[in-house]
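Protein chains in written order, with the working numbering: chain A, 1 to 320; chain B, 1001 to 1499.
Backbone N, C-alpha and C define an ideal beta-carbon position, used for all residues, glycine too.
All values reported here derive from a predicted model rather than from experimental measurement.
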Amino acid sequence: MKPRIALFAAAAAFAAAFAAVPAHAQFPERPITLIVPWAPGGSTDVSSRALAKAAEGALGQPVVVVNKPGASTTIGMADLARAKPDGYTIGTLSSSSYMLKAQGRDLPYDAVEAFTYVSYYGDNLIGIAVLNEAPWKKLADLLAEGKAQPGKFKFGTAGVGSTQHLTLEALMLATGSKFVHIPQQGSAGSMPALLGKHVDFISEVSVWAPFVAQGQARLLAVSTPKRADAYPDVPSLGELGFDSLRSVQAIIGPAGMPEPVRQRLEAAFRKSLADEGFRNTMKKLSMEIVDLPGPEVKKLVQGELQRATGLVQRMKATGG
Amino acid sequence: MTSAIDLLMYGFSLAIRPENLMYAFIGSVVGTFVGVLPGLGPVATIAILLPLTYQAGSPLGAIIMLSAIYYGAMYGGSTTSILMRLPGEAASVITCLDGYEMAKQGRAGPALAIAAIGSFVAGTLAIIGLSFVGPAFARFAVDFGPPEMFALALLGVALCASLSGGPPLRGIAMALAGILLGLVGVDTMTGVERLTMGSFNLTGGIELVPMLMGLFGLGEVLHNVAVRAGAVPLTTKIGKLMPTRSDWRESAPAIGRGSLIGFLIGLLPGGGAILGALISYAVEKKVSAHPERFGKGAIAGVAGPESANNAAATSSFVPLLTLGLPGNAVTAVLFAGLMIQNIQPGPLMLVQHADIFWGVIASMYLGNLMLLVLNLPLVGLWVQLLRVPFWLLAPAIVMIAVFGTYSLRNNWFDVGVLLVSGGVGYLFRAAAYEAAPLAMAFILADILDTSLRQALLMGDGGASIFFTRPLSGTVLAVAATVVAVQLYSYGRRRRRQGA
Chain A
1 MKPRIALFAA AAAFAAAFAA VPAHAQFPER PITLIVPWAP GGSTDVSSRA
51 LAKAAEGALG QPVVVVNKPG ASTTIGMADL ARAKPDGYTI GTLSSSSYML
101 KAQGRDLPYD AVEAFTYVSY YGDNLIGIAV LNEAPWKKLA DLLAEGKAQP
151 GKFKFGTAGV GSTQHLTLEA LMLATGSKFV HIPQQGSAGS MPALLGKHVD
201 FISEVSVWAP FVAQGQARLL AVSTPKRADA YPDVPSLGEL GFDSLRSVQA
251 IIGPAGMPEP VRQRLEAAFR KSLADEGFRN TMKKLSMEIV DLPGPEVKKL
301 VQGELQRATG LVQRMKATGG
Chain B
1001 MTSAIDLLMY GFSLAIRPEN LMYAFIGSVV GTFVGVLPGL GPVATIAILL
1051 PLTYQAGSPL GAIIMLSAIY YGAMYGGSTT SILMRLPGEA ASVITCLDGY
1101 EMAKQGRAGP ALAIAAIGSF VAGTLAIIGL SFVGPAFARF AVDFGPPEMF
1151 ALALLGVALC ASLSGGPPLR GIAMALAGIL LGLVGVDTMT GVERLTMGSF
1201 NLTGGIELVP MLMGLFGLGE VLHNVAVRAG AVPLTTKIGK LMPTRSDWRE
1251 SAPAIGRGSL IGFLIGLLPG GGAILGALIS YAVEKKVSAH PERFGKGAIA
1301 GVAGPESANN AAATSSFVPL LTLGLPGNAV TAVLFAGLMI QNIQPGPLML
1351 VQHADIFWGV IASMYLGNLM LLVLNLPLVG LWVQLLRVPF WLLAPAIVMI
1401 AVFGTYSLRN NWFDVGVLLV SGGVGYLFRA AAYEAAPLAM AFILADILDT
1451 SLRQALLMGD GGASIFFTRP LSGTVLAVAA TVVAVQLYSY GRRRRRQGA
């Protein structure tokens, strides 16, 4: 029994991954593979799946999500960069993929130029959250405390060099306050650390959402350029006069994709942003939908990478 | 207490609705298969089935099904561990030690049966715990911070040595090698690459499941090929299917202790079913009247860990449902599923979504019963696999391992890890080095490394934080005692042997 079942499952997986039969008529005429460089279940995976489903309607072909997680997205991104740029293999870009470059890591692909930019779809909302019983009511209170007692208070994030971490480093550099970073293993670790008072505050994607809704935690600021629709009372870092980094979610493909194919994909994916199911999913994940054409996405990524690189250099210069 | 019983009855009234019974049944069947097929894990399965929760008329049915897949996988995970020394789930790796030895002695039936029954008892006890004392215990889970996790992981490493029957030095050497291998990859605290030898694929570390399948499953296949297929244990007699009276006497207390250990460990963030199984095994070996039988087919060495991993799987729902904290990858996916349904897991869930909370818990009682009824008759079917000739079974095991590995991350490098681990596993087997301490230390290395440095940052660089926090200090004291007892009893043995 078992070998047969395994063989069958494997055959199905292979069929999905390498559905072949090349031809040259109207793109797309066979299923498209969307590489998600994260394990199943996270916010990028869930939102990508919702978007892929919406795009199937506009493209007239299935969009098959293949998870290729590992090494902070770089394993999946390396596979995408190596894929044939025919539009049948595309992927989801997260800021993590180029943030590593800012840290000076050697990647087996060019963080910007190895890809063709199809479209943008949203920002992960990064919030600075404290327990409700914490004394700080505004971000300024927290920053003042960090200046008065440098190194006394600790914060958690998903990890070193993550957008969440660099966002806070930028705040420290701008204000001269000093907090100790205690990296957690991924975003899921940050909320238990806050609730157990192992850290004093966190800079994280939406893991705090249920606790904010229940009044156990409080948001001091969000990182999006403008206030988030879901949290109209929480100031954005931008309006407080601070630089912030974006937590990018975009659709990309390997470099060298023919422009007509790219445009066809761009049209389909941007149209899908209006899809009811996708919008609901994004809302429930506390992610903001953002619509940008491909060429703009590339400019945005270049700008973000430059800013992150500058930030890391200043961090190193100040011994942070 | 009465109100909890009333609410539980309300939960049963929801869980026995035909559609919810069906979801629990489908989840149990899928879970059993996910457990039996090595490589196919509950995380990926649940994540792929997650979109079903968007469509299901009531979210309750979907959550019932996804939960059943998880605890069902813990039932199935022991099957290939016992029959082929191939862990079906990472949490079943401990079961390979004595379960496979039992199979070689023609006692696969009792091993499989005790695994199923132990899983049922432990699952049910853990649900009772979840129903009545869950919220109280959940607070304790959050208090468990980095210093406590470090102390617990250290205790785990100390227990690793007891996994190997041979001289302690071998166990210690294997555990240290496991820690080294577990540190490969980008350091989470600084972002610096460690021990990657310039390999891009190693920056994410070595994947656990391919390594386990290689060390245990492929290593065993190669060993059997080497000792000449004729004498291969995989085709031995099948013997009785059900446990004997003395099997029961040995297993019953092991199941009880395994349930309690698993329940407590499962509550901890990042604790997980594997650690529960390891601690249970070490405890059984310590309390046994015949510790020398462990590793040679002791039924308590199957009953305890299999009960512990099931209890841990169930109790990991406690922090998810009562605090809104997913402690492992599976509950993180379920968390996403609940959020998508606009259900916010956490303290208010009991008030706002009592139907989901109690409905899911009640369905777990029923799901566990279904799994027992499903798995006991399967014992007779699975043992028939032992009749398959080795020349047919061996390539099948290799193929299952390769496909299972590839399907994990769609990554060929992992297949390479599998094959290399298989070769290494064979060498270990040939040289009589037990691979289990290496595997356990590999798993613990990550917790050890991260929590040590997180704790030091919390304590502003000082180590006193480990001793001044009561929980952490207690666990460290237990770990020190374990090491002292091991050294003492080894010293005494050597003196007695007149060495």
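Outcome for residue i when other beta-carbon atoms lying within 10 angstroms are tallied against a minimum of 16
i, result
"A:VAL21", "Unreliable placement is indicated for A:VAL21, whose pLDDT of 43 sits below 50; no coordinate value is reported for it."
"A:VAL207", "buried"
"B:MET1197", "exposed"
"B:MET1022", "exposed"
"A:ASP79", "buried"
"B:PRO1167", "exposed"
"B:VAL1351", "exposed"
"B:ARG1496", "exposed"
"B:ARG1493", "exposed"
"B:ASN1328", "buried"
"A:GLN216", "buried"
"B:TYR1488", "exposed"
"A:LYS226", "exposed"
"B:HIS1353", "buried"
"A:GLU113", "exposed"
"B:ARG1387", "exposed"
"B:ALA1024", "buried"
"B:SER1003", "exposed"
"B:ILE1005", "exposed"
"A:GLN164", "buried"
Proximal residues of chain A, C-beta to C-beta of residue i below 7 Å
i, result
"B:GLY1204", "GLY70, ALA71 and ILE75"
"B:PRO1146", "HIS198"
"B:ALA1336", "GLY41 and VAL46"
Residues that residue i contacts on chain A, provided the C-beta gap is smaller than 8 Å
i, result
"B:THR1188", "GLY159, VAL160, PRO183 and GLN185"
"B:ASN1411", "LYS68, GLY70 and ILE75"
Contacts that residue i makes with chain A (C-beta to C-beta distance below 9 Å)
i, result
"B:PHE1200", "ALA71, THR74, ILE75, ALA78, ASP106, LEU107 and PRO108"
"B:ASN1368", "Within 9 Å Cβ-Cβ: nothing; B:ASN1368 doesn't reach chain A, min ~24 Å."
Within chain B, the residues that residue i reaches when beta carbons sit closer than 7 Å
i, result
"A:THR281", "ILE1340"
"A:MET191", "LEU1325"
"A:ALA188", "PRO1326 and ALA1332"
"A:GLN103", "GLY1191"
"A:LYS284", "MET1339, ILE1340 and ASN1342"
Expected contact under 8 Å - CB spacing of residue i and residue j to nearest Å
i, j, result
"A:GLY146", "A:SER177", "3 Å"
"B:ARG1249", "B:VAL1283", "Actually they do not touch by this definition, with Cβ atoms about 17 Å apart."
"A:ALA83", "A:THR89", "4 Å"
"B:LEU1125", "B:ALA1311", "7 Å"
"A:LEU285", "A:THR224", "Not a contact, Cβ separation roughly 14 Å."
"B:GLY1191", "A:GLY161", "5 Å"
"A:THR44", "A:THR92", "6 Å"
"B:ILE1046", "B:VAL1302", "That pair is no contact at about 26 Å."
"B:GLY1088", "B:GLY1076", "6 Å"
"B:GLY1182", "B:PHE1012", "That belief does not hold up - the Cβ atoms of B:GLY1182 and B:PHE1012 are roughly 44 Å apart, past 8 Å."
Proximal residues of chain B, C-beta to C-beta of residue i below 9 Å
i, result
"A:GLN214", "GLY1324, GLN1344, GLY1346, PRO1347 and LEU1348"
"A:GLY57", "Chain B residues near A:GLY57: none, gap ~15 Å exceeds 9 Å."
"A:VAL180", "LEU1457, MET1458 and ASP1460"
"A:LYS154", "LEU1457 and MET1458"
Interface residues of chain B facing residue i [CB-CB closer than 8 Å]
i, result
"A:LEU195", "VAL1142, LEU1323 and LEU1325"
Original post:
What beta strand (DSSP E) runs, 3 residues minimum, are completely inside the region 104 to 152 of chain A?
Top reply: 115 to 124 and 127 to 131
Problem set entry | Length at least 4, wholly inside the region 1370 to 1446 of chain B: the alpha helix (DSSP H) runs in chain order | 1390 to 1409 and 1412 to 1430
**Message:** What are the residues in the region 41 to 55 of chain A lying within 9 Å of chain B by C-beta distance?
**Reply:** GLY41, GLY42, SER43, ASP45, VAL46, ARG49, ALA50 and LYS53
### Query
Which residues, in chain order, does the region 110 to 126 of chain A contribute to contact with chain B at a C-beta distance below 8 Å?
none
Against chain A: residues of the region 1068 to 1087 of chain B by CB proximity under 7 Å:
none
Item checked: Runs of beta strand (DSSP E) wholly within the region 1226 to 1292 of chain B (minimum 3 residues, chain order) -> none
At a CB distance below 8 Å, what residues from the region 208 to 232 of chain A approach chain B? Give them in sequence order. ALA209, PRO210, PHE211, ALA213, GLN214 and GLN216
| message | Tell me which residues of the region 1031 to 1049 of chain B have at least one Cβ-Cβ distance to chain A shorter than 8 Å, keeping chain order. | response | PHE1033, VAL1036, LEU1037, LEU1040, VAL1043, ALA1044, ILE1046, ALA1047 and ILE1048
What are the start and end residues of each continuous beta strand (DSSP E) run of 3 or more residues lying completely inside the region 199 to 236 of chain A, in chain order? 201 to 204 and 217 to 222
Exercise. Closer than 7 Å, Cβ to Cβ, to anything on chain A: give me those residues from the region 1440 to 1468 of chain B, in chain order.
Key: THR1450, GLN1454, LEU1457 and MET1458
Q: Could you list the residues in the region 1266 to 1291 of chain B with a C-beta less than 7 Å from some C-beta on chain A, going in chain order?
A: PRO1269
* Within 8 Å of chain A by C-beta, residues of the region 1093 to 1118 of chain B in sequence order -> none
Enumerated in chain order, which unbroken segments of the beta strand (DSSP E) with a length of 3 residues or greater are wholly contained in the region 262 to 304 of chain A? 287 to 289
key: Continuous alpha helix (DSSP H) assignments of at least 4 residues falling wholly in the region 1043 to 1124 of chain B   = 1052 to 1055, 1059 to 1084 and 1095 to 1104
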